[in-house]
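Colleague: Sharing a structure, written as structure tokens. Questions coming.
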Amino acid sequence: MTNTIKQLAIVSGKGGTGKTSIAASFAKLAKQRIVVDCDVDASNMPLVLPHTIIEEIPFLGEKKAVISQDRCRGCGDCVIYCRFNAIKDFYVVEPVLCEGCAVCTMMCPYEAIDMVDNQSGTVVISQSDDQPFLFAKMGVGQGNSGKLVSELREKAKSIAEEDNYNLIIIDGPPGIGCPVISSITGVSHVLIVTEPTLSGMHDLERIIQLTKHFRINASVCINKSTISSDNIEKIKEICSKFDIAVIGTIPLDMDFVKAQIAGKTIVEYPNSVASQAIKSLWERISQLLNL
Amino acid sequence: MKIAIASGKGGTGKTTISTTLAYYFAQQFPTALLDCDVEEPDANIFLNIPVSRTFDVDVLIPQVDMDLCTGCGRCEKMCQYNAIVLIKGKPLVLPELCHSCGGCYLVCPEKAIKEVKRSVGTVEVGVNGNLHYAGGILNIGEHMAIPLIDEVKKEHYNATFRIVDAPPGSSCPVVHSMQGNDLIIIVVEPTPFGFHDAVLAYDVAKTLNIPCAVVINNLVEEYKPLFSFLEKENIPVLAVIPHDVDVARSCAQGNCIEYMLTKYQDKFEAIMRYIKEKVQ
Ligand code: SF4
Ligand code: SF4
Ligand code: SF4
Ligand code: SF4
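So the protein sequences, as listed, match chains A and B.
So this note's numbering is basically just the index in the first sequence, starting at one, shifted up by 145.
So in this note's numbering, spot 242 of the second sequence is number 234, and the numbers just go up one at a time.
In structure tokens, the structure reads:
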């Protein structure tokens, strides 16, 4: 018999709302869990979750075109057909711009272009507090972070099935683009972390719409709530307009920075105000997910 | 002069700095703020420039004429993104996977494929005196940010200063936002997260061969690893702005440009001085 694996994704739309600090705190509070840092472009969780690396798996992204200078006769066709402007003067492919579509290879009359494998990142499997912690390292300026996210989540799921974990905590990337979509598809619940600033609220609406678009259950938590009480009311209005519950507020707390510099999570500072708030938020979520 | 403001990590105050800088420059020169953070475009919330023109940005996706198609499968084989699959001998296009490379269209021997437009987002353009604005808004659920970014960057070509507000991270959209600029200013928070992500942004800039400078924002306490890194890499620090709850409060009300210029005018003067020297 397979147990049902619950997946909780923490996202924010706007960056810097404290999403990762909160997700890392949940990792500490949950009794039995797998943690996945899906912010593969800029993965920060490893900085606050001490861990031992168990396995590193190379991630092959899309192939890249390479022009053989011996075979190229300089006809210029590849430049015309490459829609990503990745081929520079005198026929060299700029790897960061190449999307690996292989059109140039097909169009080159002299078969001078090869598609070569390209390791665009690494999947890292580690243990933190004796439980699985997965993250990735993406190469500079590489595309395909959505696929890398899916790969991470697949790995997490198979570990969960093998070792009987019933909870996967996912720290999602900022924004609403491809890697975010890959981070939230198929999860049981999305927790959106926002802050009471104008940009925070603006981005909140967009990320809520994204969860609605993909029909995923979501709720909201307001971090740095003491910045503006007026905006708290506005956030509540936005949420009720979309029929989404605000399930927690966390006051602005400079201990977040202190904890981060010490390489710790804020819940390891039991006297901080934010720590209390995050604990009660976690209780709410445990109820929501039936943990 | 084209300047991109990047940050690696989100929420370091990149948009606050870039909009304030644009506003400050515009007091003397025609200046454009180009919001390339198309997933979360927030710049005009603070600039409040009336939008005078909007247009859709389209990409091309294939459409198959089933009468001409013989089901040979070459399009499926060509597509590197699995955006065309043959089902019962007939090609099915999955637009959300398509990168608009044109490969299937070129390879089809029957000329059964035609390319049709699909909207990925909108560009907004506006002017207020010397201050010009253009920003992209990605459609919800859309993944093709780059065509939108490229369109935003084509606007306001004649402005003396063009300031690009780049998205966070270090992936393709960041590369495209940074590309073609003369200078990258990285807004970095002196914390482990901020430092880690700023290094990634710096690596992108280095790959693109564009000089970098740094503005340190939200300083709570000196974070040693950051400062030794900047020294080692010889990256100029143009300004250090302390952590200031009132900045957040003013952002909450939408008047942070005003607040920044009243309280930290000297910092923006210093940034401007550096940029002017760069121009000469
Ligand atoms: S199409 Fe082939 S031969 Fe022509 S310039 Fe490109 S690589 Fe060289
Ligand atoms: S593979 Fe595609 S993107 Fe890369 S250089 Fe060739 S045509 Fe351009
Ligand atoms: S245009 Fe390119 S990516 Fe899109 S379906 Fe055709 S081959 Fe695939
Ligand atoms: S390449 Fe053209 S003819 Fe062949 S399956 Fe595709 S659309 Fe049909």
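C-beta: ideal position from N, C-alpha, C; glycine also.
Since the model is a prediction, treat every value here as computed from it, not as a measurement.
#1: Three or more C-beta pairs under 8 Å: does that hold for the region 240 to 253 of chain B against the region 218 to 225 of chain B?
#2: Buried or exposed: proline 195(A), going by 16 or more other Cβ atoms within 10 Å of its Cβ?
#3: Scan the region 217 to 242 of chain A for residues whose Cβ lies nearer than 8 Å to a Cβ of chain B and list them as they occur along the chain.
#4: Nearest-angstrom Cα distance between isoleucine -3(B) and methionine 170(B)?
#5: Where do the ends of the alpha helix (DSSP H) carrying tyrosine 255(A) lie?
#6: Whose beta carbon lies closer than 6 Å to any heavy atom of ligand 1, going through the chain in order?
#7: So for phenylalanine 219(B), helix, strand or coil by DSSP?
#8: Go to histidine 334(A), then tell me how far its beta strand (DSSP E) extends in each direction, as first and last residue.
#9: Exposed or buried, what is arginine 218(A) when buried is set at 16 or more other beta-carbons lying within 10 Å of its beta-carbon?
#10: Which whole-angstrom value is the C-beta distance of leucine 279(A) and lysine 300(A), which I expect to be below 8 Å?
#11: Relative to the C-alpha of tyrosine 226(A), which candidate in Glu207(A), Ala404(A), Cys253(A) and Met346(A) has its C-alpha closest?
#12: Please name the residue in Ile372(A), Ser364(A) and Phe229(A) whose C-alpha comes closest to that of isoleucine 155(A).
#13: What ranges does the beta strand (DSSP E) occupy inside the region 348 to 435 of chain A, keeping only unbroken runs of at least 3 residues that lie completely in it?
#14: Interface residues of chain A around glutamine 72(B) at Cβ under 7 Å?
#15: Mind checking whether the beta-carbon of arginine 298(A) lies closer than 8 Å to any heavy atom of ligand 2?
#16: Quick one: Cα of threonine 147(A) to Cα of glutamate 306(A), how far?
#17: For ligand 3, any of its heavy atoms closer than 8 Å to the Cβ of valine 108(B)?
#18: Starting from serine 170(A), trace the beta strand (DSSP E) both ways and give me its first and last residue.
#19: Is proline 203(A) close to chain B, meaning its C-beta is less than 9 Å from at least one C-beta of that chain?
#20: I want to verify the contact list: residues of chain A whose CB lies under 8 Å from the CB of leucine 130(B), in sequence order.
#21: In chain A, what lies closer than 7 Å to arginine 241(B) by C-beta?
#22: Between the C-alpha atoms of valine 391(A) and aspartate 29(B), what's the straight-line distance to the nearest angstrom?
#23: Taking the alpha-carbon positions, what's the isoleucine 203(B) to isoleucine 176(B) distance?
#24: For methionine 252(B), report the span of its alpha helix (DSSP H) as first-last.
#25: Any idea if methionine 58(B) is buried or exposed, counting beta-carbon neighbours within 10 angstroms, 16 or more meaning buried?
#26: Can you find the residues in the same chain that come closer than 6 Å, C-beta to C-beta, to valine 241(A), ignoring five residues on each side of it along the sequence?
#27: Give a yes or no on whether the minimum CB-CB distance between isoleucine 326(A) and chain B is below 9 Å.
#28: Would a check of beta-carbon distances place lysine 159(A) closer than 9 Å to chain B?
#29: Can you check the region 168 to 243 of chain B for any alpha helix (DSSP H) of at least 4 residues that lies completely inside it and give the ranges in chain order?
#30: Would you say glutamine 287(A) faces chain B, with C-beta separation under 9 Å as the test?
#31: Any idea which residues DSSP pairs lysine 109(B) with across the strands?
#32: Could you pull out every residue in the same chain whose Cβ sits closer than 6 Å to the Cβ of leucine 436(A), ignoring the five residues on either side in sequence?
#33: With 9 Å as the C-beta to C-beta threshold (strictly closer), list the residues of the region 195 to 213 of chain B near chain A in chain order.
#34: Provide the residue span of the alpha helix (DSSP H) that contains tyrosine 226(A), from first to last.
#35: Determine the burial state of proline 42(B): buried for a count of at least 16 other Cβ atoms within 10 Å of its Cβ, exposed for fewer.
Modeller: According to the data block:
#1: no
#2: Locating residue 195(A) in the first sequence gives position 50, counting from the first residue. When all chains shown are included, proline 195(A) counts as exposed.
#3: Using a CB distance below 8 Å, the part of the region 217 to 242 of chain A facing chain B consists of Tyr226, Arg228, Phe229, Val241 and Leu242, ordered along the chain.
#4: Residue numbering aside, residue -3(B) sits at position 5 when the second sequence is read from its first letter. Residue numbering aside, residue 170(B) sits at position 178 when the second sequence is read from its first letter. The straight-line gap from Cα to Cα measures roughly 8 Å.
#5: Against the first sequence, residue 255(A) aligns to sequence position 110. Premise fails: tyrosine 255(A) is in no alpha helix (DSSP H) and is neither H nor E.
#6: Ile212(A), Cys217(A), Arg218(A), Gly219(A), Cys220(A), Gly221(A), Asp222(A), Cys223(A), Tyr236(A), Cys253(A), Tyr255(A), Ala257(A) and Ile258(A)
#7: As a first step, residue 219(B) must be located in the second sequence, where it is residue number 227. It is helical.
#8: Against the first sequence, residue 334(A) aligns to sequence position 189. 334 to 339 is the extent of the beta strand (DSSP E) around histidine 334(A).
#9: Here residue 218(A) corresponds to residue number 73 of the first sequence, with the count starting at 1. That one is exposed.
#10: As a first step, residue 279(A) is located in the first sequence; it is residue number 134 there, counting from the start. As a first step, residue 300(A) is located in the first sequence; it is residue number 155 there, counting from the start. Right, the Cβ-Cβ distance comes to about 6 Å (below 8 Å), so this counts as a contact.
#11: One-based indexing of the first sequence puts residue 226(A) at position 81. The shortest Cα separation from tyrosine 226(A) among Glu207(A), Ala404(A), Cys253(A) and Met346(A) belongs to Cys253(A).
#12: On the first sequence, position 10 is the one that residue 155(A) refers to. Looking at the Cα atoms, Ser364(A) is the closest of the given residues.
#13: 363 to 368 and 390 to 395
#14: As a first step, residue 72(B) must be located in the second sequence, where it is residue number 80. Chain A residues near glutamine 72(B): Glu207, Gly245, Cys246 and Ala247.
#15: The residue given as residue 298(A) occupies position 153 in the first sequence. Not so, every heavy atom of ligand 2 lies at least 8 Å from the Cβ.
#16: What you label residue 147(A) is simply residue 2 of the first sequence in a count that begins at 1. What you label residue 306(A) is simply residue 161 of the first sequence in a count that begins at 1. Residue confidence for threonine 147(A) is low, a pLDDT of 49 falling below 50, so the modelled location carries little weight and cannot support an answer.
#17: Locating residue 108(B) in the second sequence gives position 116, counting from the first residue. False, no ligand heavy atom lies under 8 Å from that Cβ.
#18: To locate residue 170(A), count along the first sequence from 1; it is residue 25. Segment 164 to 174 is the alpha helix (DSSP H) holding serine 170(A); no beta strand (DSSP E) there.
#19: The residue you call residue 203(A) lines up with position 58 of the first sequence. With 9 Å as the cut-off, proline 203(A) does not count as an interface residue toward chain B.
#20: On the second sequence, residue 130(B) is found 138 positions in, with the first residue counted as 1. Result: Ile321 and Gly322.
#21: Looking up residue 241(B) in the second sequence gives position 249. Per Cβ cutoff of 7 Å: Ile372 and Ser373.
#22: Taking the first residue of the first sequence as position 1, residue 391(A) is located at position 246. Taking the first residue of the second sequence as position 1, residue 29(B) is located at position 37. Computed Cα separation, rounded: 27 Å.
#23: Numbered from 1 along the second sequence, position 211 holds the residue referred to as residue 203(B). Numbered from 1 along the second sequence, position 184 holds the residue referred to as residue 176(B). Note that residue 203(B) corresponds to proline in the displayed sequence, not to isoleucine. Roughly 6 Å separates the two Cα atoms.
#24: Counting from one through the second sequence, the residue named residue 252(B) turns up at place 260. 248 to 255 is the extent of the alpha helix (DSSP H) around methionine 252(B).
#25: As a working note, residue 58(B) is residue 66 in the second sequence. Classification for methionine 58(B): exposed.
#26: In the first sequence, the residue the question calls residue 241(A) occupies position 96. Gly286.
#27: Locating residue 326(A) in the first sequence gives position 181, counting from the first residue. It does; some Cβ of chain B falls within 9 Å.
#28: Counting from 1 along the first sequence, the entry for residue 159(A) is found at position 14. Contacts with chain B at 9 Å (Cβ-Cβ) include lysine 159(A).
#29: 184 to 199 and 216 to 225
#30: As a working note, residue 287(A) is residue 142 in the first sequence. Glutamine 287(A) counts as touching chain B.
#31: What you label residue 109(B) is simply residue 117 of the second sequence in a count that begins at 1. According to DSSP, lysine 109(B) bridges with Leu52(B).
#32: Position 291 of the first sequence, counted from the start, is the residue given in the question as residue 436(A). Short of 6 Å from the beta carbon of leucine 436(A), and not among the five residues preceding or following it, lies no beta carbon of its own chain.
#33: Going along the region 195 to 213 of chain B in chain order, one finds Asp195, Val196, Lys198, Thr199, Leu200, Asn210, Val212 and Glu213 with a Cβ nearer than 9 Å to chain A.
#34: Locating residue 226(A) in the first sequence gives position 81, where the first residue counts as 1. 222 to 226 is the span of the alpha helix (DSSP H), which, as asked, contains tyrosine 226(A).
#35: Sequence index remark: in the second sequence, residue 42(B) carries index 50 (1-based). Exposed: under 16 other Cβ atoms inside 10 Å.
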